[in-house]
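Have a look at the structure below, then the notes.
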Amino acid sequence: MKKPIYVAALSLLALFSGCSHRTPAESDLFNTSAEIEASKLPFNPLHWKVIISGIDPQRQTMSTLYGNDLAVQSARAGHDVYPDGSVLSLVTWTQREDPHWFGARIPGKVKSVEFVTVGKDSSKSAYKRFEGPDLAPATLSDTEAASARRDSILGKRASVMP
Amino acid sequence: MNFLGKLTIVAGVAFLGIQCIRPALDNPPVTAEIQAPPEVRQILRNSCYNCHSNETSLPWFDRIAPSYWLVVHDVKTARAHLNFSEIGKLPPAAQRGALFEAVNQIQLGDMPLPSYRHVHPDSTVTPEQLAVLKNYLDPFRPSPPADADQTAAVDTQFHNWTTSATPAPTVQPALNGIQFLPDYKNWRTVSTTDRGDNHTMRAILGNDIAIHAIETKQVQPWPDGAAFAKIAWERLSDDKGAVHPGRFIQVEFMIKDKTKYASTAGWGWARWRGTDLKPYGKTADFTGECVSCHLPVRDNDYVYTIPVTGQR
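Line by line, the protein sequences give chains A and B.
Adding 13 to a residue's 1-based position in the first sequence gives its number in the working numbering.
So that you can map any letter, position 66 of the second sequence is 59 in the working numbering, and since no number is skipped, the others follow by simple counting.
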C-alpha cells in the first residue's frame, strides 16, 4: 500500500514544484542583439511612433518605419505628401526565431537604418543610410538607388490603428 | 497499542474510505478526430491522448484516490481546452492555432504537465518528436499573393480610418471592465513579430512606465502601471513576395497591477476586435484564455515579448 501513497505524494509535490520561480536568462528578458546604437545616428528612431512594418521573407529581414510627430500625424491622416520638417526612419533587422513561440520571428540584428528628411519640396528630401550592426554611414554614389529608396520610404502607407 | 499504531490504522481506514468517492470519468464517442500524418498522430496519441481525447485509459495507480481525483480534474480540464477526438469540428484556422499552442506548451516544458510526466515518463515528447511536429506545422511555408478582396479590404479600412474621427467615441470596455486606451498608438515600440502560425504581423507597444522599465532593466516583475498594446494585422504577400500588413485584426492590452489584478496573474487583460473595436468574448471569463496561454512564461512575469533594448 506504500506505492499509491508515494505516487499521490509525488504528484502533489510535482504540482507544487511546477509553481516555483526560475530566474530567466538575460536573453529571455531583453533583446539586446536587436539594439540600435543610437549615438551613431542623428536621431533615435525608437523614440518615435510607428507608422508601418514590413517583412522580406527572401532576405529574412523585417523592418519598421518610424516617424517624428509631424510625419506620423501626416501618415495617419492619409496625406500623400509629408509636410516640411517631417523625418522618417526605416529600421531593418535580420529575423531570428522567437525562442518563446514556435511560429514567430522577431528582430535579430540591425541591418540598416535609413532616414528621410523632408524639406519644402518633398521630391528633394534628403536620404541617409547607416549599415550593419556598426551603423557605418553608407556613401551612396548611385543617386538613382538613393532616390528609389527615398521614394519607397515616402510611399509607405500607415498601418490602420483605430 | 501506541499512538503511532493508532494513527496508522486511522489513516489506513481513511485511505480505504476515500476510495468510495469516485467522480465519473467516461470516454464519450470519438466524433471528429484530428486529421494528420500517422507519425504526427502517433506522437499525439502517446503524449497527449490520455487527457486530451475521448480515449483516456488510466493505469492502476491513477485509479487510486486521492491521485484519482486529481487525474479526473486534469482530464476534464484538458478535454475542455483541447480534445483531439473532437478537434475536427473547429474551423481549420482554429485547429491550426490549437496545434501551435500545443507545440509551444511542449517546447516551453509545460506539456505534458510536469506532474503527469513524473509518473508517466514515457509521455515526455523527445526533441526528435518535437521536430516532427514542427516540420508538420511548417509555419513559414510561402503563402500565395493576396487576392483582390484582401487588398480591397485594406484600402477600405484605411480610407475609413483616415476620414473618420479617431478614437471612436463609442468603444465599450472589455467584459472584465478594462477601459480602451485610445492613446496606445502613440506609445513606443517594444518589438515586432512575424507570425507564420496564424498569418499575422504584430507590433507590441509600451507606455512610458513599460519603456522606463526596459531602459532600467526592471522587469522582474514589471512595475505596476506598465502597459503593453499588441496590435495584429493580416500578413499579406505581394506579387514580388514582400510581406505587408493587411487588415487590422485586433488590439490587445496587458496592464500590470499586482494588487488590482491579483486573480489574473497580476495583469489586466483586454482585447478589442475589428476597426469597430468590439470587446472580445462572451463573459469576463475570457481572461482565463489569456492567462492559460501566458502561463508557460510565468517566469517572465507572463510576458512573451522580448523587448528590444536601446530605448534611451
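The C-beta atom is built at its ideal place from N, Cα and C for all residues, glycine as well.
Quick caveat: nothing in here was measured; it's all calculated off a predicted structure.
(1) Out of curiosity, what's the CA-to-CA distance linking A/Lys15 and B/Thr1?
(2) A/Leu101 to B/Gly218, Cα distance in whole Å?
(3) Looking at the secondary structure, which residues open and close the alpha helix (DSSP H) in which A/Thr74 lies?
(4) Give the secondary structure of A/Glu157 by DSSP, where H, G and I count as helix, E and B as strand, and everything else as coil.
(5) Is B/Ala256 buried or exposed, if buried means 16 or more other CB atoms sit within 10 Å of its CB?
(6) Please confirm whether B/Phe241 and B/Trp262 have their CB atoms less than 9 Å apart.
(7) May I have a chain-ordered list of the alpha helix (DSSP H) segments no shorter than 4 residues that lie completely inside the segment 114 to 177 of chain B?
(8) Which chain B residues are close to A/Lys133, counting only those with a beta carbon under 7 Å from its beta carbon?
(9) List, in chain order, every chain A residue whose beta-carbon is nearer than 8 Å to that of B/Gln88.
(10) Does A/Ala84 come out as helix, strand or coil in the three-state DSSP assignment?
(11) Residues in the same chain with beta-carbon distance under 7 Å from A/Leu23, minus the five sequence neighbours each way, listed in chain order, please.
(12) Tell me, to the nearest whole angstrom, how far the beta carbon of B/Pro16 is from that of B/Val68; I am working on the premise that it is less than 8 Å.
(13) Give me the DSSP bridge partner(s) of B/Glu227.
(14) Given this structure, state the Cα-to-Cα distance separating A/Trp66 from B/Asp103, to the nearest angstrom.
(15) Please classify B/Asn293: is it buried, with 16 or more other beta-carbons within 10 angstroms of its beta-carbon, or exposed?
(16) Whose C-alpha, out of B/Ala235, B/Gly259 and B/Phe173, is nearest the C-alpha of B/Lys223?
(17) Nearest-angstrom Cα distance between A/Arg35 and A/Arg89?
(18) With which residues is A/Pro146 paired in a DSSP beta bridge?
(19) Since I believe A/Asn44 is in contact with B/Ser184 (beta carbons under 8 Å), could you give me their beta-carbon distance rounded to a whole number of angstroms?
(20) With contact counted as at least three CB pairs below 8 Å, one residue from each stretch, are the segment 73 to 88 of chain B and the segment 16 to 34 of chain B in contact?
(21) Along chain B, which residues have their Cβ under 7 Å away from the Cβ of A/Ile65?
(22) Could you tell me whether any Cβ in chain A is nearer than 9 Å to the Cβ of B/Trp313?
(23) Determine contact between the segment 87 to 97 of chain B and the segment 49 to 65 of chain B, defined as no fewer than three beta-carbon pairs at a distance below 8 Å.
(24) How many Å lie between A/Ala139 and A/Phe128 at the Cα?
(25) What whole-angstrom Cβ distance do B/Pro300 and B/Lys249 have, given they're in contact under 8 Å?
(26) Taking 6 Å as the limit between beta carbons, can you name the residues of its chain near B/Ala169, skipping five residues before and five after?
(27) Taking only beta-carbon positions, decide if B/His152 is within less than 9 Å of chain A.
(28) Run through DSSP, which three-state label would A/Ile65 get?
(29) Would you say A/Ser172 and A/Val63 are within 9 Å of each other, going by their C-beta atoms?
(30) The ligand GDP and A/Pro70: does any heavy atom of the ligand fall closer than 8 Å to the residue's C-beta?
(31) Residues bridged to B/Glu245 by DSSP?
(32) Tell me the residue span of the beta strand (DSSP E) that contains B/Trp180.
(33) Short of 7 Å Cβ to Cβ, which residues in the segment 217 to 232 of chain B face chain A?
(34) Need the endpoints of the beta strand (DSSP E) that A/Glu110 sits in, please.
(35) Would you check if the segment 31 to 49 of chain B and the segment 152 to 167 of chain A touch, i.e. whether three or more CB-CB distances between them fall below 8 Å?
(36) Exposed or buried, B/Ile99, counting other C-beta atoms within 10 Å across all chains shown (16 or more means buried)?
Reading off the structure:
(1) With a pLDDT of 45 at A/Lys15, under the threshold of 50, the predicted position of this residue should be treated as unreliable, though the coordinate-derived value follows. When rounded, the distance between both Cα atoms is 12 Å.
(2) 30 Å
(3) It is not in any alpha helix (DSSP H) - A/Thr74 instead sits in the beta strand (DSSP E) that spans Thr74 to Gly80.
(4) helix
(5) Going by the sequence as given, residue 256 of chain B is Ser instead of Ala. Under this definition B/Ser256 is an exposed residue.
(6) no
(7) 120 to 130 and 141 to 156
(8) Going along chain B, no residue has its Cβ under 7 Å from A/Lys133, so there is no contact; the nearest lies around 24 Å.
(9) The contacting residues do not exist; B/Gln88 stays about 14 Å from chain A at best.
(10) helix
(11) Low confidence applies to A/Leu23: its pLDDT is 47, below 50, so where it sits in the model is not reliable enough to give any reading.
(12) So it is not a contact: roughly 10 Å between Cβ atoms.
(13) B/Thr193
(14) For the record, residue 66 of chain A in the displayed sequence is Ser; it is not Trp. The alpha-carbon atoms of A/Ser66 and B/Asp103 are separated by roughly 32 Å.
(15) buried
(16) B/Phe173
(17) 43 Å
(18) A/Pro146 pairs with nothing; no bridge assigned.
(19) 7 Å
(20) yes
(21) Pro238
(22) Any answer about residue 313 of chain B is impossible in this case: the structure gives chain B only from -6 up to 305.
(23) no
(24) 8 Å
(25) Not confirmed; about 14 Å, so no contact.
(26) First, the amino acid is wrong: residue 169 of chain B is Asn here, not Ala. Same-chain partners within the cutoff: Ala277 and Thr280.
(27) yes
(28) strand
(29) yes
(30) The ligand GDP is absent from the structure shown, which contains no ligands of any kind.
(31) B/Lys223 and B/Arg264
(32) Where B/Trp180 is concerned, there is no enclosing beta strand (DSSP E), given that its DSSP letter is neither H nor E.
(33) Ile224 and Trp226
(34) Val100 to Glu110
(35) no
(36) buried
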